[in-house]
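Protein chains: 2
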Amino acid sequence: MIQSVERAAHILGVLGSGTPRLGVTEIAEQVGLAKPTVHGLLRTLEAHDLVAQDPGTGKYSLGPGVLQLGNAYLDGSELRARSLRWAESLAQRAGEAVWVATLSGSRVIVLHHEFRPDNTVQILEVGAAIPWNACALGHAIVAHLPEGQRTRALAGDLARLTGQTKTTRAGLSRVLAKVRQRGYAIEDQEATVGDAGIAAPILSRNDVVAGAIGVVGAAGRLLVPGIRDEMVRAVTEAARAVSREMGAGRGGVVLSAFT
Amino acid sequence: MIQSVERAAHILGVLGSGTPRLGVTEIAEQVGLAKPTVHGLLRTLEAHDLVAQDPGTGKYSLGPGVLQLGNAYLDGSELRARSLRWAESLAQRAGEAVWVATLSGSRVIVLHHEFRPDNTVQILEVGAAIPWNACALGHAIVAHLPEGQRTRALAGDLARLTGQTKTTRAGLSRVLAKVRQRGYAIEDQEATVGDAGIAAPILSRNDVVAGAIGVVGAAGRLLVPGIRDEMVRAVTEAARAVSREMGAGRGGVVLSAFT
DNA sequence: TTAATATGTTCGACATCGCCGAACGATGTT
DNA sequence: AACATCGTTCGGCGATGTCGAACATATTAA
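As you go down the protein sequences, you meet chains C and S in turn.
If you're matching positions, the first sequence starts at 0 in numbering that gives the first Met the number 0 and goes up one per residue.
If you're matching positions, the second sequence starts at 0 in numbering that gives the first Met the number 0 and goes up one per residue.
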């Protein structure tokens with residue numbers, strides 16, 4: 000593992016999370032390196048537009064290059080491309096917003112956001128990062144990860160976003176077992192107060208999890224008895240459809256316990 | 000300039016432009032390095048989710064981490080935050096789509112896209128990268144760059160997108176002089192056949208160019224006499240409003256020749 | 001105004017870290 | 001079944017990045 004690249008990535012991470020504008024000294028403290036070392040890394044990243052320096056204050060922030068890369072990632076994402084069609088029909092059928100997401104570290108990244116099909120103003124959440132333990136999409140993905148990665152995810156930090164967020168390893172692993180058994184996940188106001196989510200995993204070749212698709216909306220609309228089951232059916236059918244396009248086997252979400 | 004970080008950034012750039020999925024050997028060829036060297040860099044980037052490897056084919060692509068960083072960049076962008084309000088009112092006034100962009104290397108990156116205020120379906124172009132020489136936004140930015148950077152931009156590669164794209168250095172520098180004199184740029188089907196653009200620079204503290212704002216739409220609507228001048232006025236007024244919020248002097252787009 | 005403390009930046013010597021030629025195992029092809 | 005090509009591992013040489021100390025500038029305090 001190449002040291003300087005790792006350090007550069009670490010710096011990008013620090014600039015990306017929380018405070019958007021940091022000085023060399025602050026960054027050096029946060030990553031635990033000498034000031035001149037950080038300076039050299041920053042200058043190199045700046046030369047490629049991955050970070051930018053405010054000419055006035057001298058402080059550093061992320062640069063436009065990372066946005067360009069992010070866009071290129073979306074353009075090349077097979078998961079996103081294949082789910083566009085199904086996300087739209089799922090949104091129509093459910094009458095709710097639809098998110099497609101994938102796992103990155105301990106967070107779930109939204110790859111596609113199909114707006115709820117009414118004409119209200121909604122903000123695009125593509126690129127948003129949500130702790131996996133706080134949303135149905137994350138539960139659906141992690142539950143279907145191979146055991147090694149799953150326990151590693153459980154061992155990581157579990158953020159708390161609302162009073163409902165599940166943050167105990169025992170509770171979460173019980174939830175995950177249920178998700179794995181049922182093939183879908185339901186979350187009630189664990190990420191945002193008032194909002195609930197229903198999600199199912201998207202599998203790819205060899206039945207490895209590529210991401211998840213699900214609906215997000217007011218808990219009062221999604222979770223009422225009757226509606227709820229209809230939502231679950233719509234979500235799991237959409238997930239299965241995308242999975243088949245991604246090359247997964249016919250088995251749907253049922254994973255062998257031995258892999 | 001740190002060598003390995005530079006090489007890593009180069010690899011990210013290669014993965015981001017054009018073919019989304021490349022093998023180690025192909026990447027090594029494109030960046031001119033030995034195969035094991037590239038392998039090490041890729042493994043490090045992969046550990047931070049900046050690249051991802053297809054488990055089946057072994058080929059590499061960009062990872063979800065870059066999307067997360069791109070989103071963080073947008074969240075922290077002062078230019079974007081300050082132009083949101085004015086972009087919306089400009090879109091209303093002009094009845095056209097509005098783009099806000101900044102320069103990254105030889106490309107212009109779209110930071111904000113306010114849709115044309117009719118209810119047609121439009122695709123979000125945030126994150127898109129356009130060669131600076133092929134759009135009004137790019138002309139507006141580069142024209143107001145300090146001379147050193149401007150000549151460097153002119154010396155770089157000038158892409159051709161349509162038959163109308165200006166690609167000669169002499170022609171472009173004449174165009175830029177006119178843009179600098181007038182304070183706005185007009186482009187007619189140089190980026191996309193059928194589409195035109197009108198843009199003006201956004202200045203920041205000390206009157207350094209931070210980006211540009213402009214309208215983009217069918218040439219048949221934007222460039223008809225009468226309408227055209229009204230568009231120019233709306234765009235330059237919006238640009239000046241954002242510039243003032245960014246801390247630029249009252250001088251508007253008129254730059255001193257001595258700075 | 002002056003002094004003091006912060007900042008971002010430059011320099012250079014030591015030794016660590018990363019580079020690449022060569023070899024390996026696994027796939028898929030002829 | 002022989003071949004070609006892929007991604008990957010190994011290890012020794014040497015270039016490369018690291019960090020302590022010193023610098024110039026900006027901001028704050030007295």
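Glycine residues also receive a C-beta, built at the ideal position from the N, C-alpha and C atoms.
All values reported here derive from a predicted model rather than from experimental measurement.
Q. Which value, in whole angstroms, describes the spacing of the CA atoms of residue 146 (chain S) and residue 88 (chain S)?
A. One-based indexing of the second sequence puts residue 146 (chain S) at position 147. One-based indexing of the second sequence puts residue 88 (chain S) at position 89. In this structure, the alpha-carbon of residue 146 (chain S) lies about 33 Å from that of residue 88 (chain S).
Q. According to a CB-to-CB cut-off of less than 9 Å, which residues of the stretch 65-77 of chain S neighbour chain C?
A. From the stretch 65-77 of chain S, only 65, 66, 67, 68, 69, 70, 71, 72, 73, 74, 75, 76, 77 have a Cβ closer than 9 Å to chain C.
Q. Anyone know if the C-beta pair for residue 211 (chain S) and residue 199 (chain S) falls short of 8 Å?
A. Locating residue 211 (chain S) in the second sequence gives position 212, where the first residue counts as 1. Locating residue 199 (chain S) in the second sequence gives position 200, where the first residue counts as 1. Taking 8 Å as the Cβ cut-off, residue 211 (chain S) and residue 199 (chain S) qualify as a contacting pair.
Q) Between residue 254 (chain S) and residue 206 (chain S), what straight-line distance do the alpha-carbon atoms span, to the nearest angstrom? A) Within the second sequence, residue 254 (chain S) is the residue found at index 255, counting from 1. Within the second sequence, residue 206 (chain S) is the residue found at index 207, counting from 1. Note that residue 254 (chain S) scores 40 on pLDDT, short of 50, meaning its location in the model is unreliable and no value can be drawn from it.
Q: Name the one or two DSSP bridge partners that residue 195 (chain S) has.
A: Locating residue 195 (chain S) in the second sequence gives position 196, where the first residue counts as 1. Beta-bridge pairing links residue 195 (chain S) to S:187, S:216.
Q: Just the chain C side, please: which residues come within less than 7 Å of residue 54 (chain S) by C-beta, in chain order?
A: As a first step, residue 54 (chain S) is located in the second sequence; it is residue number 55 there, counting from the start. For residue 54 (chain S), the C-beta contacts it makes with chain C under 7 Å involve 207, in order along the chain.
**Q.** Selected residue, minimal CA-CA separation from residue 80 (chain C), among C:100, C:93, C:91, C:94
**A.** As a position in the first sequence, residue 80 (chain C) is number 81, starting the count at 1. The candidate whose alpha carbon is nearest that of residue 80 (chain C) is C:100.
Q: Using alpha carbons as the reference points, say which of S:110, S:29, S:104 lies closest to residue 131 (chain S).
A: As a working note, residue 131 (chain S) is residue 132 in the second sequence. Ranked by Cα distance from residue 131 (chain S), the options S:110, S:29, S:104 are led by S:104.
Q. Using a Cβ cut-off of 8 Å, which residues of the stretch 30-56 of chain S contact any Cβ in chain C, in chain order?
A. The stretch 30-56 of chain S vs chain C, Cβ under 8 Å: 39, 40, 42, 43, 44, 46, 47, 48, 49, 54, 55.
Q | Reduced DSSP secondary structure (H/G/I, E/B, other) of residue 180 (chain C) | A | Here residue 180 (chain C) corresponds to residue number 181 of the first sequence, with the count starting at 1. Residue 180 (chain C) sits in a helix when the DSSP states are folded into three classes.
Q) Any C-beta of chain S sitting closer than 8 Å to the C-beta of residue 119 (chain C)? A) In the first sequence, the residue the question calls residue 119 (chain C) occupies position 120. Judged by the 8 Å Cβ criterion, residue 119 (chain C) is not in contact with chain S.
Q | Beta-carbon proximity check, residue 95 (chain C) vs residue 109 (chain C), cutoff 8 Å | A | Working through the first sequence from its first residue, we reach residue 95 (chain C) at position 96. Working through the first sequence from its first residue, we reach residue 109 (chain C) at position 110. No, the pair does not count as a contact, with Cβ atoms beyond the cut-off.
**Q.** Closer than 7 Å: residue 208 (chain C) CB and nearest the ligand ATP heavy atom
**A.** The ligand ATP is not among the ligands present in this structure, which contains no ligands whatsoever.
Q) Is the beta carbon of residue 204 (chain S) sitting closer than 8 Å to the one on residue 162 (chain S)? A) Your numbering for residue 204 (chain S) matches position 205 in the second sequence. Your numbering for residue 162 (chain S) matches position 163 in the second sequence. In this structure, residue 204 (chain S) keeps its C-beta atom at 8 Å or more from the C-beta atom of residue 162 (chain S).
Q: From the DSSP output, in three-state form, read off residue 158 (chain S) for me.
A: Here residue 158 (chain S) corresponds to residue number 159 of the second sequence, with the count starting at 1. In the three-state reduction of the DSSP assignment, residue 158 (chain S) falls in the coil class.
Q.
If contacts are defined as beta-carbon pairs under 8 Å, then residue 0 (chain S) and residue 43 (chain C) qualify, I think. What distance do you get, rounded to the angstrom?
A. Working through the second sequence from its first residue, we reach residue 0 (chain S) at position 1. Working through the first sequence from its first residue, we reach residue 43 (chain C) at position 44. 5 Å between Cβ atoms; contact.
(Q) Taking the alpha carbon of residue 177 (chain S) as the reference point, which residue from S:158, S:157, S:140, S:155 has its own alpha carbon closest? (A) Here residue 177 (chain S) corresponds to residue number 178 of the second sequence, with the count starting at 1. The shortest C-alpha separation from residue 177 (chain S) is found at S:140.
Q) Of all the CB atoms in chain C, is at least one closer than 8 Å to the CB of residue 123 (chain S)? A) As a position in the second sequence, residue 123 (chain S) is number 124, starting the count at 1. Yes, its Cβ sits closer than 8 Å to a Cβ of chain C.
Q | Contact check, residue 144 (chain S) vs residue 111 (chain S), beta carbons under 8 Å | A | In the second sequence, residue 144 (chain S) corresponds to position 145, counting from 1. In the second sequence, residue 111 (chain S) corresponds to position 112, counting from 1. A distance of 8 Å or more separates the beta carbons of residue 144 (chain S) and residue 111 (chain S).
Q) In chain S, which residues lie less than 8 Å from residue 101 (chain C) when you measure between Cβ atoms? A) Indexing the first sequence from 1 puts residue 101 (chain C) at position 102. Chain S residues near residue 101 (chain C): 63.
Q) What's the call for residue 48 (chain S), buried or exposed, on a 16-neighbour Cβ count within 10 Å? A) Looking up residue 48 (chain S) in the second sequence gives position 49. It is buried - the Cβ of residue 48 (chain S) has at least 16 other Cβ atoms within 10 Å.
(Q) Determine whether the beta carbon atoms of residue 183 (chain C) and residue 61 (chain S) lie at a separation below 8 Å. (A) Position 184 of the first sequence, counted from the start, is the residue given in the question as residue 183 (chain C). Position 62 of the second sequence, counted from the start, is the residue given in the question as residue 61 (chain S). It is not a contact, given that the beta carbons lie outside the stated cut-off.
Q) How many angstroms separate the CA atom of residue 256 (chain S) from the CA atom of residue 180 (chain S)? A) What you label residue 256 (chain S) is simply residue 257 of the second sequence in a count that begins at 1. What you label residue 180 (chain S) is simply residue 181 of the second sequence in a count that begins at 1. Unreliable positioning characterises residue 256 (chain S) in this predicted model, as indicated by a pLDDT of 36, which lies under 50. The coordinate reading is nonetheless provided below. Roughly 11 Å separates the two Cα atoms.
Q) By the criterion of Cβ-Cβ separation under 8 Å, what are the contact partners of residue 5 (chain C) in chain S? A) Sequence index remark: in the first sequence, residue 5 (chain C) carries index 6 (1-based). Chain S residues near residue 5 (chain C): 43, 46, 47.
**Q.** Per-residue contacts from residue 126 (chain C) into chain S (C-beta, under 7 Å)
**A.** Taking the first sequence and counting its residues from 1, one reaches residue 126 (chain C) at position 127. Going along chain S in sequence order, the residues near residue 126 (chain C) (Cβ under 7 Å) are 66, 67, 69, 70.
**Q.** DSSP beta-bridge partners of residue 201 (chain C)
**A.** Counting from 1 along the first sequence, the entry for residue 201 (chain C) is found at position 202. The bridge partners DSSP lists for residue 201 (chain C) are C:210.
(Q) Comparing C-alpha positions only, which one of C:93, C:185, C:50 sits nearest to residue 14 (chain C)? (A) Taking the first residue of the first sequence as position 1, residue 14 (chain C) is located at position 15. Cα-wise, what sits closest to residue 14 (chain C) is C:50.
Q: State yes or no: is the beta carbon of residue 259 (chain S) nearer than 8 Å to at least one beta carbon in chain C?
A: The requested residue 259 (chain S) is not part of the displayed model; chain S covers only 0 to 258.
Q | Simplified DSSP assignment, three categories, for residue 101 (chain C) | A | Within the first sequence, residue 101 (chain C) is the residue found at index 102, counting from 1. In the three-state scheme derived from DSSP, where H, G and I count as helix and E and B as strand, residue 101 (chain C) is classed as strand.
Q | residue 222 (chain S) to residue 93 (chain S) span [Cα, whole Å] | A | For the purposes of this step, residue 222 (chain S) is taken as the residue at position 223 of the second sequence. For the purposes of this step, residue 93 (chain S) is taken as the residue at position 94 of the second sequence. Going by the C-alpha atoms only, they are around 12 Å apart.
Q.
Considering Cα atoms alone, identify which of C:21, C:40, C:10, C:18 is closest to residue 2 (chain S).
A. Counting from one through the second sequence, the residue named residue 2 (chain S) turns up at place 3. Of the candidates C:21, C:40, C:10, C:18, the one whose C-alpha sits nearest the C-alpha of residue 2 (chain S) is C:40.
**Q.** Residues in the stretch 154-187 of chain C having any Cβ partner in chain S nearer than 9 Å
**A.** Interface annotation for the stretch 154-187 of chain C against chain S: empty, criterion Cβ-Cβ distance under 9 Å.
Q: Give the DSSP bridge partners of residue 59 (chain C), in chain order.
A: Mapped onto the first sequence, residue 59 (chain C) falls at position 60. C:21, C:52, per the DSSP bridge assignment.
Q: Pull out every residue of the stretch 139-153 of chain C whose Cβ sits closer than 9 Å to any Cβ of chain S, in chain order.
A: Residues are counted here when their Cβ sits less than 9 Å from a Cβ of chain S; for the stretch 139-153 of chain C the count is zero.
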